[in-house]
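In this note's numbering, the protein residues as written are 7 to 172.
Shown next, in the form of structure tokens:
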């Protein structure tokens, strides 16, 4: 299924690169979705996020409000880690083998049919996670809450107007 026609040229290298990027984005979004949900369900880590600033994990709100609370050095560490992961994994895995396959067989399988089934499930779950995290961001941005109390969003064009006939 390709309504935008990205694969209409038949270029296998471009398809493998797009699949590799889709897998990577799906994996990131699956982790982001879990990162959004987990503090709400199980709570936050004990201790300090930044001992020098006296900032505890419990002091950091969930959702988009956390962006302004994390110190700049913390964001720099996160960006450095992302860069390390990007460069360590390489950018040409799709040229030398199966996109996204780094030889880690614990979650996949040595059996080709089982591996295909699990990789298809990963693609589907990644696509769902991409939609889910964008939905969570949207809801958080509109309501100001990580779990979005829609009663707080009074400017919604979808909110029914009550007709007063008195």
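For each residue, glycine too, the CB sits at the ideal point set by N, CA and C.
It should be emphasised that the depicted structure is a prediction, and the values quoted were computed from it without experimental measurement.
Closest Cα partner of residue 139 within the set 29, 14, 35, 76: Comparing Cα positions, the closest option is 35.
Per-residue burial, residue 51 [other beta carbons within 10 Å of its own, 16 or more giving buried]: Residue 51 comes out exposed.
Status (buried if at least 16 other CB within 10 Å, exposed otherwise) for residue 145: buried
Beta-carbon proximity check, residue 114 vs residue 123, cutoff 7 Å: no
Those residues which DSSP pairs with residue 56 across a bridge: 61
7 Å Cβ shell around residue 135 - same chain, five flanking residues per side excluded: 32, 35, 36, 39
Per-residue burial, residue 58 [other beta carbons within 10 Å of its own, 16 or more giving buried]: Result: exposed.
First through last residue of the alpha helix (DSSP H) which encompasses residue 125: 118-149
Simplified DSSP state of residue 50, which is helix, strand or coil: coil
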